[in-house]
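Student: For the sequence shown, the positions run 13 to 431 when the numbering used here is used. All C-beta atoms in this analysis are idealised placements derived from N, C-alpha and C, irrespective of residue type, glycine included. Below is a structure I'd like to ask you about.
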Amino acid sequence: THDVSVSSGIGPTANVIPPPERDTAQVPRKEIEKIRRVYQRHAAYPSALKTFKESRCVVLRGKPLVGKRAAAIRLAVDLRGEKVVMWELSGEDDLVEQLKSISFKPKTVYLVDELLRERGRALNPQAANLVRDKLEKHDCHLIICAQPDVPFPPNFKSAMMEPLPGLLTPAMLEAHLSYYEPSLTVEQLTAASKHEQTAKIIEAGLPPAQVDQLAQLLVKPLLDELPLDDALSGFAAVAEEDVRRWFDDTAESIEDSAFKSAVAVFHGARYSAVDDAARNLAHLLQPQPDSGKRDESQPPSPSPFKKPKRQDKLTMAHAKLLQRTVVADYSDSAQIEIVELEHASYSKAMLKYLWLEFDELRQPLLDWLCVYAVHAPLDMRLRAAGAIGALAGLDFDYIRARAFRAWAYAGKDNDERRE
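What follows is the structure, given as structure tokens:
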């Protein structure tokens, strides 16, 4: 509940508390068992398994979410059996140095999930031979997952993991559903995978990691025999298309679009605070003329009774009002009114749409979020900071240059830096 300073000074001589050091970590038994039951073999799997057995080391290449980690765990299971022991190594640190420092146990499979590009570039044929000698000596194996552009020496054999064909996705979905709820019948599994909206999601090219999310979303409605439409409407692949349509519907109204944007960032906060935030964003996007310099040719402001009512604004933003009980200075059970999106997953989809589709809005949107992240009450600060973090996942260099660096080097006073 308090701001914490991790530095006892400023500038390059500051005594910064270092982050905890990373060490190897065992892959959980629960994750191994899950992959054993749900994994659908990739087209590149047979050649990867052959390479893995022959050379004790294989590199699984592919884009994010294509299923490299799942394939790696399945390779380990097929090689060593259900009781396989797997340990993770860091993809951020020198691979050879890590292998030199660990105590090998025979028949262990080591996993590097997403090796960084510079760490792959640092590997040379001699280092690769050293790695293979270590594995051979201790009867161990190594699987490295990496994106396609990470370089490796030629004596590290690779298998390319291309996106799975759509025809395999229904089988993957049914396998995941059965894992989460073994009591589901064949009819229920088939109904879920052939549902009209599910079919559209599958046709869009669903990566394996999102198949798991989809299965978790569908389990409860299937068990309770409820319609699947409501659950599916909040899924990311559907949400992004919905959001595009929502903003197209209000493209001519800065106020309405600003209100949608504010709800996306601050859903779960008080309605009055969200409405104020929307007004501030609308002002940033289109500042109003000074009161003393009003253009006489412009019509007078409309009556406040003609402006959109609160419920109209909420309906337009696909949001709803809820009553929440909170502990306040004056009461242990104060009632407050908050605004939430109909589906929380739309928050990230709305931010992504605004950031990627409207280049000219990026800076005012970020300025607005930064003001709230620093100066607003705690609940609004947390939500604004979360939104900035989500945007950093889309365009880290931009956020680092325009927000993080600006905060890190703000002013010369240590208290100002802390704020």
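If distances are taken between C-alpha atoms only, which option among 189, 403, 376, 146 comes closest to residue 362?
Tutor: As a working note, residue 362 is residue 350 in the sequence shown. Of the listed residues, the one whose Cα sits closest to residue 362 is 403.
Student: Taking the straight line between their C-alpha atoms, what separation do you get for residue 380 and residue 365?
Tutor: By 1-based counting over the sequence shown, the position of residue 380 is 368. By 1-based counting over the sequence shown, the position of residue 365 is 353. Approximately 17 Å, taken between the alpha carbons.
Student: Checking 7 Å against the spacing of the C-beta atoms, do residue 282 and residue 350 come in under that value?
Tutor: As a first step, residue 282 must be located in the sequence shown, where it is residue number 270. As a first step, residue 350 must be located in the sequence shown, where it is residue number 338. Against a cut-off of 7 Å, the Cβ pair of residue 350 and residue 282 comes out as a contact.
Student: To the nearest angstrom, report how far apart residue 392 and residue 348 are at their CA atoms.
Tutor: In the sequence shown, counting from the first residue as 1, residue 392 sits at position 380. In the sequence shown, counting from the first residue as 1, residue 348 sits at position 336. Approximately 15 Å, taken between the alpha carbons.
Student: Looking at residue 71: is its Cβ nearer than 7 Å to the Cβ of residue 170?
Tutor: Position 59 of the sequence shown, counted from the start, is the residue given in the question as residue 71. Position 158 of the sequence shown, counted from the start, is the residue given in the question as residue 170. A contact, by the Cβ cut-off of 7 Å.
Student: Just reading off the alpha helix (DSSP H) that residue 295 is part of, what are its end residues?
Tutor: Reading the sequence shown from its first residue, position 283 is the one you call residue 295. Taken as a continuous stretch (DSSP letters only), the alpha helix (DSSP H) holding residue 295 covers 283 to 297.
Student: Give every residue of the same chain whose Cβ lies closer than 6 Å to the Cβ of residue 186, excluding the five residues on either side of it in the sequence, and list them in chain order.
Tutor: Here residue 186 is taken as the residue at index 174 of the sequence shown, counted from 1. Same-chain partners within the cutoff: 201, 205.
Student: Mind checking if residue 144 is an interface residue toward chain B, Cβ cutoff 7 Å exclusive?
Tutor: The structure shown has no chain B; it contains just one protein chain.
Student: With a threshold of 8 Å, are at least 3 pairs of Cβ atoms found where one atom belongs to the region 139 to 153 and the other to the region 117 to 128?
Tutor: Cβ pair count under 8 Å is three or more, so yes.
Student: So residue 202 is in the beta strand (DSSP E); what residue range does that whole segment cover?
Tutor: In the sequence shown, the residue the question calls residue 202 occupies position 190. It is not in any beta strand (DSSP E) - residue 202 instead sits in the alpha helix (DSSP H) that spans 198 to 206.
Student: Give the DSSP-derived three-state secondary structure of residue 335 in the structure shown.
Tutor: For the purposes of this step, residue 335 is identified with residue 323 of the sequence shown, where counting begins at 1. Residue 335 falls in the strand class under three-state DSSP.
Student: What does residue 38 pair with, by DSSP beta-bridge criteria?
Tutor: In the sequence shown, counting from the first residue as 1, residue 38 sits at position 26. Residue 38 pairs with 99.
Student: Under the rule that 16 or more other beta-carbon atoms within 10 Å means buried, what is residue 419, buried or exposed?
Tutor: Counting from one through the sequence shown, the residue named residue 419 turns up at place 407. Exposed, by the Cβ-count rule.
Student: What does the Cβ neighbour count give for residue 101, buried or exposed, with the cut at 16 atoms within 10 Å?
Tutor: Counting from one through the sequence shown, the residue named residue 101 turns up at place 89. With 16 or more other Cβ atoms within 10 Å, it is buried.
Student: When the Cβ atoms of the region 38 to 46 are set against those of the region 75 to 93, are three or more pairs found closer than 8 Å?
Tutor: Verdict: yes, contact present.
Student: What does DSSP give as the partner residue(s) for residue 73 in the beta ladder?
Tutor: Looking up residue 73 in the sequence shown gives position 61. Paired residue(s): 158, 172.
Student: From residue 56 to residue 166, what does the alpha carbon distance come to, in whole angstroms?
Tutor: Locating residue 56 in the sequence shown gives position 44, where the first residue counts as 1. Locating residue 166 in the sequence shown gives position 154, where the first residue counts as 1. Each residue's Cα considered, the two are about 19 Å apart.
Student: Starting from residue 358, trace the alpha helix (DSSP H) both ways and give me its first and last residue.
Tutor: Start at 1 with the first residue of the sequence shown, and residue 358 comes out as number 346. Where residue 358 is concerned, the enclosing alpha helix (DSSP H) stretches over 358 to 369.
Student: Use the C-beta contact count for residue 421: other C-beta atoms within 10 angstroms, 16 or more gives buried, fewer gives exposed.
Tutor: As a working mapping, residue 421 is identified with position 409 in the sequence shown. By the 10 Å Cβ count, residue 421 comes out exposed.
Student: Just tell me which of 298, 271, 297, 66 has its CA closest to the CA of residue 288.
Tutor: The residue given as residue 288 occupies position 276 in the sequence shown. If we check each option's Cα against that of residue 288, 271 comes out closest.
Student: Below 7 Å CB to CB, which residues in the same chain sit around residue 385 once its five sequence neighbours on both sides are set aside?
Tutor: Reading the sequence shown from its first residue, position 373 is the one you call residue 385. Closer than 7 Å at the Cβ level, and outside the excluded window around residue 385, lie 393, 396, 397, 400.
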